[in-house]
Structures are given as C-alpha cells and as structure tokens.
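Shown next, in structure tokens, is the structure this report addresses.
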Amino acid sequence: MLYGAIEAGGTKFVCAIGDKSLNIKERVSFPTTVPEETMQQVIDFFTPYKDELSAIGIGSFGPIDIHKDSTTYGYITTTPKLAWQNFDFVGTLKKSFDVPVEWTTDVNAAAYGEYSFGKGKGLSSVIYYTVGTGIGGGAIQEDRFVEGFSHPEMGHMLITPHPEDEFKGNCPFHGSCLEGMAAGPAIEARTGKKGQDIPADDPLWEKEAYYIAQCAYNTTLLFSPDVIIFGGGVMKQRHMVEKVHQAFEKMLNNYVQTPNIKDYIVTPALEDDAGIFGCLALARQVNLNSKR
Ligand code: ADP
Ligand code: ZN
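Here my numbering is used: the first residue of the sequence shown is 3, the next is one more, and so on.
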C-alpha cells in the first residue's frame with residue numbers, strides 16, 4: 003500500500019510516493035510550465051506505482067475550488083498563471099488514477115504537515131503562513147481546515163504601514179495588503195535586492211518583522227490558536243523570529259495571555275518539507291475516510 007503526494011506550487015511541483023508509515027520512497031521535482039506538460043510529468047511519476055497506490059493528497063497553488071458539490075470542484079480557478087486558469091486538476095489526475103484524492107491549498111497542506119509531524123503535533127488549533135513569492139495562510143481547527151464559501155486568503159489581510167516605510171505595496175489587487183508589503187517581491191521592489199542578499203542588520207528587517215507581527219497579532223485575536231507557524235523563503239532569515247516576537251508583544255500589550263511566545267510564534271519543524279509530508283498525511287487520511 004502506497005500513498006501519493008503532489009505539492010503543486012506556482013514555480014515548481016514536488017511529487018512523492020510514501021509507504022504506509024509515510025516514509026518517502028521516491029520524490030521528484032520539476033518546474034511548473036503548462037498543464038499539458040506538467041501533468042504528464044506527474045502522471046509519468048506515479049504510473050509505475052499504479053497498482054499499489056491507495057490515495058493521493060494534493061496541495062495546490064490557487065485559488066482553487068474546494069467545494070465537493072460544485073461543478074468545478076478540483077479546478078484551479080482564477081489564478082494569475084493564465085495557462086492554469088480553470089484547469090480541472092483532480093479530474094485530469096482521476097483519468098489516470100482511480101483512487102481517493104484529497105484536494106486542498108498548498109498552505110493548508112503545509113499546515114497539515116506541521117500538524118501531523120511538526121510544531122502543530124498534538125495541538126488542536128494550528129495556523130500556518132508561508133512568506134515567500136506570495137503570502138498564504140491555512141488554519142486547522144479540531145482536525146479540519148477552516149473554510150467557508152472558499153478557502154481562506156489570509157495573506158491579503160490589511161495591515162498598517164510602518165511609519166518609516168515609504169513603499170506603497172505591490173499587490174495587484176490591494177496595493178499595501180500584507181502580501182503587497184511583506185512578500186519576497188515586495189522586499190525586492192523596495193530595496194532592489196532579493197531577501198537572501200540583504201544582511202541581517204539592515205533596517206529592512208525591522209519593517210518586515212513589523213508586518214509579520216501584525217499578521218500574528220490579527221491571527222491571535224481571530225483564532226486564539228495554539229501555535230502560529232511562519233515558513234517560506236523569507237523566514238529563512240531566522241533573526242526575524244526574535245524581531246517578530248518583540249514587535250508582537252509590544253502590539254498586543256498583554257491584552258490576552260498567549261502561550262509562551264517561543265513556542266507560540268515559530269518556524270516550521272519540517273522546514274521546506276511541510277507541504278509534501280502534509281500531502282502524504284492527507285492521502286492517508288482520505289484513504290481512511292473512504293473506507294468508513
Ligand atoms: P515560493 O513562495 O515561490 O514557493 P519561497 O518560499 O522559497 O518559494 O519564496 C521565494 C521568495 O523568498 C523569493 O522572493 C526570495 O527572494 C525569498 N527568499 C528566499 N530565500 C530567502 C532568504 N534566505 N532570505 C530572505 N528571502 C528569501
Ligand atoms: Zn492583496
């Protein structure tokens with residue numbers, strides 16, 4: 003019995019095969035091009051395992067349709083990646099592999115990975131953000147993803163500009179929302195440099211921490227979660243965590259008593275593997291549910 007995992011990112015796809023204990027037997031990664039080509043690579047990867055494959059978990063870039071009763075369930079919907087607009091992801095996969103499929107957002111999958119194996123293990127309310135090319139957030143409450151008419155889009159929350167920040171934001175929809183001010187491309191637009199090339203003592207990081215802290219503040223007051231996990235490329239700047247803690251405590255001003263800050267606002271235990279392990283755990287879960 004094997005489980006399949008697909009982490010479908012806007013820049014690259016990761017596919018993996020896991021055994022029944024979710025140990026990865028094989029994994030591949032390839033760039034996201036057009037659906038015809040990329041999906042063929044996905045199918046080619048899983049085909050040798052077809053007879054043993056019991057379920058597939060997918061965490062996809064979005065927005066995506068997650069409503070099981072919708073005619074476009076399993077589609078990527080209004081993505082800015084034109085070739086992928088209104089693409090029937092789950093339907094395409096099911097034509098080759100007739101197994102139960104769990105379909106969710108890339109951040110939800112990463113949240114599930116941390117919830118199953120990482121900093122969210124054993125907790126009931128887990129929030130995960132990725133701060134990378136964009137900012138996305140996923141929330142798990144009592145074993146379920148928080149969702150309503152659609153999945154959350156927490157990365158686009160409104161935030162207050164830092165008093166010394168003149169950057170106006172680059173979100174095409176909202177300008178100075180969190181993603182428009184604090185994702186990797188906003189750092190690059192502001193400084194002309196990629197985040198990885200900016201030294202730890204640059205004042206930019208105080209501003210960045212101020213925005214991430216506002217995200218943690220809003221998240222705290224909305225969900226009172228057990229943990230808030232910040233992953234993604236920008237959070238590789240580990241010195242940021244302490245800056246975020248300080249800014250957060252100042253903003254919150256002891257209004258509520260959160261868990262100990264060091265265990266409350268954290269980076270992922272699984273690092274860049276949160277997503278792929280989350281997809282595997284989702285495959286195991288959907289397989290269990292299909293037998294009930
Ligand atoms: P994606 O969001 O595309 O899946 P990442 O999470 O790696 O991928 O995010 C990429 C963004 O993170 C880019 O804008 C990049 O400049 C930035 N980034 C990557 N590594 C670092 C780093 N060490 N420090 C700061 N920013 C980084
Ligand atoms: Zn926005």
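For each residue, glycine too, the CB sits at the ideal point set by N, CA and C.
Inter-residue spacing [alpha-carbon to alpha-carbon] between residue i and residue j
i	j	result
F32	A85	17 Å
K293	I45	25 Å
Q42	V16	13 Å
G122	G150	22 Å
N291	P154	24 Å
K70	V36	25 Å
I161	N88	31 Å
H241	F119	24 Å
N289	P102	6 Å
G182	S127	27 Å
V236	I8	23 Å
V268	S23	26 Å
8 Å contact criterion, which residue i and residue j should meet: CB distance rounded
i	j	result
S56	Y5	6 Å
A112	G233	6 Å
D53	G76	Incorrect: roughly 24 Å between the Cβ atoms, too far for contact.
A285	I58	6 Å
G157	L180	6 Å
E104	A276	At roughly 16 Å, the Cβ-Cβ gap does not stay under 8 Å, so E104 and A276 are not in contact.
A184	Y219	In fact, because the Cβ distance is near 13 Å, the residues do not count as touching under 8 Å.
K298	H247	Only positions 3 to 294 of the chain appear in this structure, which leaves residue 298 out of reach.
T13	T34	6 Å
Residue i beta carbon near the ligand ZN (any heavy atom closer than 7 Å)
i	result
F169	no
C179	yes
H69	no
F175	yes
H153	no
H158	yes
is_contact[residue i, chain C] using C-beta, thresh 8 Å
i	result
S72	Judged by its chain identifiers, the structure shown contains no chain C, having just a single protein chain.
Contact test: residue i Cβ vs the ligand MG heavy atom, cutoff 7 Å
i	result
G182	Among the ligands in the structure shown, the ligand MG does not appear; only the ligand ADP and the ligand ZN can be found there.
Query raised in the report: Any residues whose CB sits closer than 5 Å to a heavy atom of the ligand ADP? List them in chain order?
Result: G11, T13, G134, T135, G186, K196, G197, Q198, G234, G235, V236, K238 and Q239
Query raised in the report: Considering only residues of the segment 163-250, which uninterrupted alpha helix (DSSP H) runs meet the minimum length of 4 residues and lie entirely inside it, listed in chain order?
Result: 180-184, 186-193 and 206-225
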